Every structure is written in structure tokens, then in C-alpha cells.
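Residue numbers (numbering that gives the first Met the number 0), protein chains in the order written: chain H, 0 to 401; chain S, 0 to 401.
There are 2 protein chains.
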Amino acid sequence: MSWKFSDRAIALKSSAIREILKLTEQPDMISFAGGLPSPDTFPVTEIKQSLDVIMQGSEAIGALQYGPTEGYAPLRKWIAEHVSKRDNITISPSQVLVVTGSQQALDLIGKALINKGSKVLVETPTYLGGLQSFTQFEPEYISIESDEQGLVPDSLKAEVADEASFLYVIPNFQNPTGRRLPLERRQQLAEKAKQAKMLMVEDDPYGELDYKGHRLASLFSLAPENTVYLGSFSKILAPGFRLGYIIASEVFINKLVQLKQATDLHTPSITQRIAYQIVKDGFLDTHIPKIRQLYKTRCQFMLDALTRYMPAGVNWSKPEGGMFIWVNVPENINATELLTEAIQHKVAFVPGETFFAGGERTNCMRLAFVTVPEEKIERGIKILAELIKKHANDLEESPVMV
Amino acid sequence: MSWKFSDRAIALKSSAIREILKLTEQPDMISFAGGLPSPDTFPVTEIKQSLDVIMQGSEAIGALQYGPTEGYAPLRKWIAEHVSKRDNITISPSQVLVVTGSQQALDLIGKALINKGSKVLVETPTYLGGLQSFTQFEPEYISIESDEQGLVPDSLKAEVADEASFLYVIPNFQNPTGRRLPLERRQQLAEKAKQAKMLMVEDDPYGELDYKGHRLASLFSLAPENTVYLGSFSKILAPGFRLGYIIASEVFINKLVQLKQATDLHTPSITQRIAYQIVKDGFLDTHIPKIRQLYKTRCQFMLDALTRYMPAGVNWSKPEGGMFIWVNVPENINATELLTEAIQHKVAFVPGETFFAGGERTNCMRLAFVTVPEEKIERGIKILAELIKKHANDLEESPVMV
Chain H
0 MSWKFSDRAI ALKSSAIREI LKLTEQPDMI SFAGGLPSPD TFPVTEIKQS
50 LDVIMQGSEA IGALQYGPTE GYAPLRKWIA EHVSKRDNIT ISPSQVLVVT
100 GSQQALDLIG KALINKGSKV LVETPTYLGG LQSFTQFEPE YISIESDEQG
150 LVPDSLKAEV ADEASFLYVI PNFQNPTGRR LPLERRQQLA EKAKQAKMLM
200 VEDDPYGELD YKGHRLASLF SLAPENTVYL GSFSKILAPG FRLGYIIASE
250 VFINKLVQLK QATDLHTPSI TQRIAYQIVK DGFLDTHIPK IRQLYKTRCQ
300 FMLDALTRYM PAGVNWSKPE GGMFIWVNVP ENINATELLT EAIQHKVAFV
350 PGETFFAGGE RTNCMRLAFV TVPEEKIERG IKILAELIKK HANDLEESPV
400 MV
Chain S
0 MSWKFSDRAI ALKSSAIREI LKLTEQPDMI SFAGGLPSPD TFPVTEIKQS
50 LDVIMQGSEA IGALQYGPTE GYAPLRKWIA EHVSKRDNIT ISPSQVLVVT
100 GSQQALDLIG KALINKGSKV LVETPTYLGG LQSFTQFEPE YISIESDEQG
150 LVPDSLKAEV ADEASFLYVI PNFQNPTGRR LPLERRQQLA EKAKQAKMLM
200 VEDDPYGELD YKGHRLASLF SLAPENTVYL GSFSKILAPG FRLGYIIASE
250 VFINKLVQLK QATDLHTPSI TQRIAYQIVK DGFLDTHIPK IRQLYKTRCQ
300 FMLDALTRYM PAGVNWSKPE GGMFIWVNVP ENINATELLT EAIQHKVAFV
350 PGETFFAGGE RTNCMRLAFV TVPEEKIERG IKILAELIKK HANDLEESPV
400 MV
């Protein structure tokens with residue numbers, strides 16, 4: 000049988016890095032490669048209690064039957080109220096679409112907005128899963144200049160903004176860099192978007208993981224007409240539920256509902272009810288601070304280890320939230336090649352190249368710290384530092400930070 | 000904000016019928032419109048028991064954490080073994096992809112195989128959700144001649160088969176007609192597919208709902224190289240889990256895995272584990288016969304009511320399984336118009352027009368019977384019969400059955 004794959008399917012390359020990373024699932028590996036939340040934060044007791052409620056009497060039928068494409072009504076209402084209160088704005092439940100994880104939000108947005116060759120503006124670097132999702136619809140990417148604080152609004156030309164399908168941006172503790180966009184830049188971006196009638200897709204899975212709890216204004220709150228906001232329960236409850244949401248103008252939500260119906264009919268009824276049962280009485284108010292504390296401690300431990308072991312010529316981001324640290328190594332080092340050697344020493348990470356729409360840089364890597372115990376962080380960073388020292392041509396040369 | 004929707008999003012029409020059917024959610028409505036399984040068949044007790052097992056100890060972490068895109072390994076293995084045994088073939092777990100409901104299978108297949116203008120062959124009529132899903136990728140549909148037994152293999156020309164992306168077919172108790180493709184036609188189709196190197200997408204959500212338990216050979220079993228098989232847990236466990244699977248050659252599954260990763264990362268971990276816990280020790284061997292008995296009785300009751308009340312000039316399918324009866328009314332009656340009037344009399348159904356890729360016929364309707372109590376079936380069919388009598392020009396003229 001010769002398969003008649005579509006152009007989009009043919010264009011999909013099997014990822015060499017993905018193949019390498021399969022090797023990292025061995026139990027003796029120190030893996031900084033995963034993007035997994037710490038299972039220590041999963042509220043197992045509360046989930047059990049919710050299930051007891053949900054599976055009682057007539058409620059059980061709702062949890063097991065087909066449901067509305069838009070999502071479970073009480074959950075939509077809760078999301079609208081929660082985000083309205085948190086960000087000091089007004090969102091109606093009809094502006095909320097529950098999705099099967101934020102990744103599905105990206106898929107639906109790509110479907111709704113991308114024609115072959117449409118211009119999609121992205122950060123440099125940006126979230127790999129966003130690129131994978133949009134690429135299905137064959138856009139042309141335009142990488143917008145970014146620095147250690149994120150996107151540089153001044154570098155976004157009016158004519159580029161004007162003809163773009165949308166700008167994809169992760170303002171809070173970005174995957175992969177951990178950086179957060181400062182308030183002033185958010186305001187500038189919002190202003191640019193309004194002027195150019197540009198749409199921004201604001202992906203915010205890590206916004207609640209703000210170590211100090213100083214939330215900055217969302218792009219949605221600054222330019223609601225120009226923004227599609229994506230939220231997720233993966234990092235504050237459990238990723239295995241595959242639960243996220245989209246907030247946008249009703250016009251856009253209605254279009255997405257039609258696409259979602261064709262895509263998977265609706266998000267599972269049972270997971271939506273579990274989440275609602277858990278969050279409805281304010282559980283997150285006490286739960287999220289615990290996650291922040293855990294991640295903050297673990298992050299600081301890795302930052303300290305980097306300071307202890309890394310040679311001159313290596314620098315890294317200092318995240319104020321989230322799950323990732325970005326490390327820049329001397330320019331002559333290709334991090335993908337380094338990974339192969341690191342794996343032989345039982346240490347893994349994700350090479351940075353894969354997060355650039357145009358593969359612009361190779362001397363960088365993403366380190367995840369939240370699932371790794373401290374003694375393994377210590378050992379793993381030490382091994383990485385040794386390998387970098389071994390290969391660096393010039394440890395005094397400091398690469399540009401992105 | 001003026002939205003820059005993609006061509007595919009612009010082409011999506013808001014469905015007039017969908018708007019009408021929203022009216023049918025009133026509690027006093029007799030609705031034959033839903034495609035919902037009967038909640039009487041949901042194994043609530045067994046689901047509760049599985050949850051107790053799943054949420055114990057370390058297993059709970061697996062149910063809540065990210066999981067592999069391919070699906071939960073024990074469930075993939077179970078599916079491979081179950082279908083191998085049932086259909087007397089050999090399927091390896093690596094040929095199985097777990098999906099977020101069969102609707103997602105259609106979405107992924109469309110992504111993998113349809114370019115704009117690709118030719119997709121469909122039955123006349125066919126499943127509306129299939130059309131909705133494929134339409135996202137802008138194919139050209141070619142409706143293949145079908146009669147009361149389903150697709151007519153002789154009408155499928157070699158040159159049409161040859162240039163098609165695939166043929167989409169629901170051989171068992173098709174939605175919307177309830178018809179089943181006879182064994183001989185399956186063999187002819189399989190032969191044609193092999194000769195023309197044509198791919199068949201065999202959608203089989205109702206295959207287990209065979210009232211007499213006489214399963215006919217699947218297209219996959221007759222031409223495994225030429226078939227992508229879609230199975231579902233929606234009609235044998237619970238649709239709210241959104242759990243289905245795809246069985247195909249490994250080459251194709253590997254491509255779908257890449258697309259699924261970009262689409263929703265993976266199907267929820269918890270629902271996959273619930274399903275596995277329930278089915279692993281043979282529960283379906285006793286559960287499915289109960290569903291069959293319930294649906295058979297309800298189907299026979301509706302068939303008897305149709306015989307009692309419908310005038311000459313009306314005919315209908317006599318399903319041997321599944322959830323739907325297809326009714327042909329006199330040619331001058333437009334079933335979409337009839338629906339508006341029927342709703343005023345508190346009866347609803349789905350007009351047949353919507354199931355034809357080219358909207359070929361309007362004098363037909365789909366009736367679902369499994370969620371409607373017998374006294375309501377009796378009353379609803381009587382009301383429909385009266386309305387048809389009122390509007391029919393010529394009750395002696397018998398329309399062609401499809």
C-alpha cells in the first residue's frame with residue numbers, strides 16, 4: 000500500500016530529538032528534559048472526593064453521557080468568574096470554550112485562522128508545541144526579535160503586524176526560556192495590536208506559577224478585542240485530565256465551537272466535572288501557593304547549582320515563575336550534539352534549536368527542574384558543566400542571551 | 000475587530016438544523032433526534048469500582064500525569080487482542096492509536112490524507128459528523144451509489160477508486176440509515192480496494208450492537224493493508240469518556256501519532272485507565288448482550304409503531320443492530336420543513352438532507368429510538384404519521400429507499 004498522505008502530513012518530519020529523548024525514560028537518567036509538572040502537586044485526595052460526589056445518583060449520568068461542545072456549563076461559568084476576578088475584567092461564560100488541553104486550543108486556533116502561507120508571528124524562541132500545532136496548517140513563520148525579557152515591541156513593524164494572521168505570545172514564564180514580559184512591553188504590544196488591528200494569541204499555562212504572586216496585567220485585559228486568551232488546568236490540577244480553556248470574543252468562540260464539534264465533539268464530561276468539583280469552593284486559593292513554593296525552591300536550587308558549576312561563558316535565565324530555565328552555552332557548542340554525549344553520562348535536556356521557528360540558534364538548552372530531586376539536580380548540573388568545559392573553545396566569550 | 004478567518008473557517012456554515020434542534024432540549028419534547036446511547040446501559044457500578052482501583056497509590060499518579068501520545072499501553076494491548084480475537088485476525092499493539100473519541104479519529108485521518116480538492120468517496124447518505132470533520136480540510140466529495148443494503152460496489156468505477164484519497168464507509172448499522180453491508184458486498188469492496196490500491200476508512204462504532212450477535216467480516220479483516228479501522232467505546236461503555244481507537248498499518252499509525260501530538264498531546268490518562276480497568280477481565284462479554292437486548296426491543300417497538308401508524312407511501316429501514324431507523328416520506332415532503340411543524344407538536348427528528356454530501360434528498364429522516372421510552376415512541380410516531388398524512392400529495396407513490 001502506498002499512502003497518499005496530505006501535504007501537511009508529508010511535511011511532518013519525524014523529530015530526531017524526540018527519538019533521542021525516548022532514551023531518557025530510563026530510570027537511572029537525570030532528566031531535565033521533561034515538561035511535566037511535579038506529581039507532588041496533584042491533589043489526589045480532592046480528586047477522589049470529587050469523584051465520590053460526581054458518581055452519585057443522577058449526576059453520574061451527566062458525567063458519562065455526551066455533553067455540549069462548548070463545555071460543562073458550571074465550569075464555563077466558574078472560569079469566566081475566576082479570570083474576571085483575577086484580572087479585574089468582565090468575561091461572560093459565553094466567551095469561554097472548554098478544550099481538551101491547551102494543545103487543542105492551539106489546534107483549533109490554527110484551523111480557524113491559518114491558510115497555507117498565512118503569516119504567523121512568533122517569539123524567538125517560542126513554545127515547540129505551538130509550532131507543531133500551527134505547522135499543520137502550513138503558515139509562514141516570522142520570528143519577532145526577543146531578548147531576555149521577551150518580545151521587543153519596538154521591533155514589530157506596523158506593516159508586519161498588519162498583515163499577520165496573529166501574533167503568538169507566552170508572556171508569563173515562557174516555555175522554553177522562563178522569561179516574563181514586563182508590564183511596559185505588554186502595554187506597548189496591546190497598543191500596537193489595537194493600531195494595526197492585529198490579533199494576539201496569549202498562551203498562559205504558567206501564569207499562576209508566579210513565585211511571588213505578582214501577576215502582571217494580561218494582554219487580554221489590556222486589549223480584549225485583540226486577544227484570544229488560553230488557560231490550562233494542567234499545571235494547577237493535573238495534566239492527565241487534558242483540560243484547558245479559550246477566552247475570546249463571542250464571534251470567535253462561536254466559530255471555534257463549530258470547529259471543535261468537527262474535531263472531537265466535546266471535551267470528556269467526567270474530567271470537566273472533576274475539575275469543577277475541586278475548584279468551585281476556592282481550593283486553588285490554598286493549593287496554588289503550595290505549588291509556587293515547591294517550584295520556587297526547586298528553581299533556586301538549580302540556579303545555585305548553575306552558579307556553582309558552570310564555567311564563564313555560560314549564562315542562564317533567572318525565572319520568577321514557571322518550570323523552565325534557559326541556558327546559553329558558548330557559540331561553538333551545538334546543544335543537540337551535546338545531548339547525545341550527555342545521555343551517555345545519564346543526563347538529559349531539550350536542545351534549544353527546536354524552539355526556534357527558523358532553527359536560528361543551536362548553542363542553548365531548556366532545563367526543567369520541577370520533577371527532579373535536589374541531589375539529582377546537583378549531580379546533573381555538575382555533569383553538564385564538565386561536558387561544556389570540555390567542548391568550549393572560548394569560555395570568556397559570553398553569548399547573547401535570548 | 001475584523002476577524003481574519005481561514006478559508007476553512009469561512010466555509011463553515013452555522014447549521015440551521017442545529018439551531019432548530021436546540022429547541023428539542025425541552026423536557027416535554029419527544030425527541031427522536033439525539034444520537035445518544037441509553038444511559039440505562041452505562042456501567043456506573045463498574046466505573047466506580049475502577050476508579051477506586053485507579054486512584055489508589057502510585058497508579059493515581061499515572062492517571063493524572065501526562066501520558067504517551069499513542070495511548071495507555073495496557074489499553075492498546077487489550078484493544079489489539081480484543082479485535083484480533085473477535086475478527087479472527089492478527090493485530091499488534093503498535094497498530095493501535097487511542098483517540099479522544101472516534102470523532103477525533105476522523106479529524107486525524109482528514110489531516111493525514113486530505114489536501115484541498117482531494118477526492119473523498121462517501122456513501123449516500125453518510126454520517127454527518129464524518130462530513131463535518133473531513134470538510135475542515137476542503138475535499139471534494141463523490142457520493143457513491145448506495146441502496147437499502149448500503150454501498151453498491153459495482154457502481155464504484157476503477158478510475159474513481161484509483162484517484163480517491165479514500166472511501167469512507169460505515170458497514171455496520173450505519174448512522175443514519177441503520178443498514179448493514181452484506182458480506183458479499185464487503186468481499187467485492189475489499190477486492191476493488193486491493194485492485195485499485197484504494198484506502199478504505201471503516202468506521203465501526205455500532206458493530207457490537209448487533210442484535211443477533213452475527214458479526215460480519217470487517218473490511219479490515221478482508222483487506223488489512225487497504226483499511227483504516229475505527230472503533231469506539233462510546234456505545235459499549237460511555238460516550239462521555241470520549242474514547243475511541245484507530246487500527247491501521249504501523250506506517251500510518253506513526254504518522255497519525257505525530258499529528259495527534261500536535262492536536263491534543265494525548266487522550267486523557269484517567270479515562271483510558273477507567274476503560275481498561277473495566278474491560279480487562281471480560282466485562283463486555285456479559286455487558287454487550289444486555290445493550291443488544293435493550294436496543295433490539297426498543298427498535299422492534301418503533302418498527303411496530305411505524306407499521307401501525309404510517310400511511311402507504313412511507314417506508315423505513317429494518318435495522319438488525321444499532322441505534323437508528325431511516326424513514327422515507329413521499330417526495331413532495333421536505334423533512335426539514337416538517338421538522339419545524341413537528342417541533343410545535345413536541346416531536347423532533349433529524350432531517351435526512353443533512354446526511355447527504357450533496358444534499359441530494361430532502362424527503363427522509365433519521366429516527367433514534369434507544370433513549371425514548373415506549374409510550375413516547377408510540378405517541379411520537381403517531382404524531383409524525385398524522386403530519387405526513389396531512390402533507391403528502393400522493394400516498395400511493397413509494398419513494399426509492401436508500
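Beta carbons: idealized from backbone N, C-alpha and C, even for Gly.
Since the structure is predicted, the reported quantities are computational estimates derived from the model, not experimental observations.
Take Phe-136/S and list the residues in its own chain whose beta-carbon comes closer than 6 Å to its own, dropping the five residues that flank it on each side. For Phe-136/S, where only same-chain residues beyond five positions count, the Cβ hits under 6 Å are Gly-109, Ile-113.
According to the neighbour-count rule (16 or more other Cβ atoms, all chains shown, within 10 Å of its Cβ), is Ser-213/S buried or exposed? It is His, not Ser, that sits at residue 213/S in the sequence shown. Classification for His-213/S: exposed.
Taking Ser-37/S as the reference, give the member of Lys-12/S, Ile-235/S, Gly-129/S, Leu-127/S with the closest Cα. Ile-235/S
Output, in chain order, the set of chain S residues within a Cβ distance shorter than 7 Å of Ala-59/H. Val-43
What number of angstroms, rounded off, separates the C-alpha of Gln-186/H from the C-alpha of Leu-180/H? In a straight line, the C-alpha of Gln-186/H is about 10 Å away from that of Leu-180/H.
Which stretch, first to last residue, makes up the beta strand (DSSP E) that contains Ala-402/S? The structure shown does not extend to residue 402/S, since chain S is modelled only from 0 to 401, so the question has no answer here.
I'd like to know whether the C-beta atoms of Val-168/S and Glu-201/S end up nearer to each other than 8 Å. Yes, these two residues count as a Cβ contact at 8 Å.
Phe-165/H: first and last residue of the uninterrupted beta strand (DSSP E) it sits in: 165-168
Taking the alpha-carbon of Tyr-140/H as reference, which of Thr-123/H, Phe-4/H, Thr-296/H has the nearest alpha-carbon? That would be Thr-123/H, whose Cα lies nearest to the Cα of Tyr-140/H.
With three or more C-beta pairs closer than 8 Å as the rule, is the region 327-346 of chain H touching the region 15-27 of chain H? yes
Span separating the alpha-carbon of Ser-91/S from that of Ser-83/S: 9 Å
Below 8 Å on the Cβ atoms is my contact criterion, and I expect Ala-189/S with Leu-221/S to pass it. Report the Cβ-Cβ distance as a whole number of Å. The Cβ separation is near 4 Å, so the contact holds.
With contact counted as at least three CB pairs below 8 Å, one residue from each stretch, are the region 47-63 of chain S and the region 265-276 of chain S in contact? yes
Kindly indicate the opening and closing residues of the beta strand (DSSP E) around Lys-118/S. 118-121
Check this for me: beta carbons of Tyr-210/S and Val-95/S, under 8 Å apart or not? no
Going by other Cβ atoms of all chains shown within 10 Å of its Cβ, with 16 needed for buried, is Asn-225/S buried or exposed? buried
Close beta carbons around Asp-263/H, own chain, < 7 Å, minus the five adjacent residues each side: Thr-99
For a contact defined as C-beta to C-beta under 8 Å, what are the partners of Asn-225/S on chain H? Met-0
Ile-376/S burial status per 10 Å Cβ neighbour count (16 or more: buried): buried
Taking Cβ-Cβ distances shorter than 7 Å, what residues in chain S pair up with Thr-99/H? Result: Thr-99, Asp-263.
For Lys-110/H, would you say it is in contact with chain S, using Cβ-to-Cβ distances shorter than 8 Å as the test? yes
Interface flag, Ile-88/S vs chain H, CB-CB below 8 Å: For Ile-88/S, the closest Cβ of chain H is not nearer than 8 Å.
Residue interval of the beta strand (DSSP E) (run including Phe-411/H): Absent from the structure is residue 411/H, since the part of chain H shown begins at 0 and ends at 401.
Collapsed DSSP secondary structure at Met-301/S in the structure displayed: In the structure shown, Met-301/S adopts helical secondary structure according to DSSP, grouped into three states.
Need the endpoints of the beta strand (DSSP E) that Glu-139/S sits in, please. 139-142
The alpha helix (DSSP H) with Ile-60/S in it runs from where to where? 56-63
Nearest chain S C-beta to Met-54/H closer than 8 Å, yes or no? yes
Does the region 293-301 of chain H come close enough to the region 312-332 of chain H to have 3 or more Cβ pairs within less than 8 Å? Segments in contact, yes.
Between Leu-182/S and Leu-215/S, how many whole angstroms is the CB-CB distance? I'm expecting something under 8 Å. 5 Å
Output the residue ranges of the alpha helix (DSSP H) runs that lie fully inside the region 331-360 of chain H and measure 4 residues or longer, sorted by chain position. Runs of the alpha helix (DSSP H) lying entirely within the region 331-360 of chain H, each at least 4 residues long, are 334-343 in chain order.
Keeping to the same chain, check which residues put their C-beta closer than 8 Å to that of Gln-148/S; ignore five residues upstream and five downstream. Arg-178, Arg-179, Leu-180, Pro-181, Arg-184
Unbroken stretches of the alpha helix (DSSP H), 4 residues or longer, contained in the region 80-129 of chain S: Counting only runs that start and end inside the region 80-129 of chain S, the alpha helix (DSSP H) elements of at least 4 residues fall at 101-112.
Contact list for the region 112-129 of chain S against chain H, Cβ threshold 9 Å: Listed by position, the residues of the region 112-129 of chain S near chain H (Cβ gap below 9 Å) are Leu-112, Ile-113, Asn-114, Lys-115, Ser-117, Gly-128.
Between the CA atoms of Leu-229/S and Ser-101/S - distance to the nearest angstrom: 7 Å
Of the residues that make up the region 65-91 of chain S, which ones have a beta carbon closer than 9 Å to any beta carbon in chain H? Tyr-65, Gly-66
Give me the chain S residues within the contact set of Asp-303/H, using Cβ-Cβ distance strictly less than 8 Å, ordered along the chain. The contacting residues do not exist; Asp-303/H stays about 27 Å from chain S at best.
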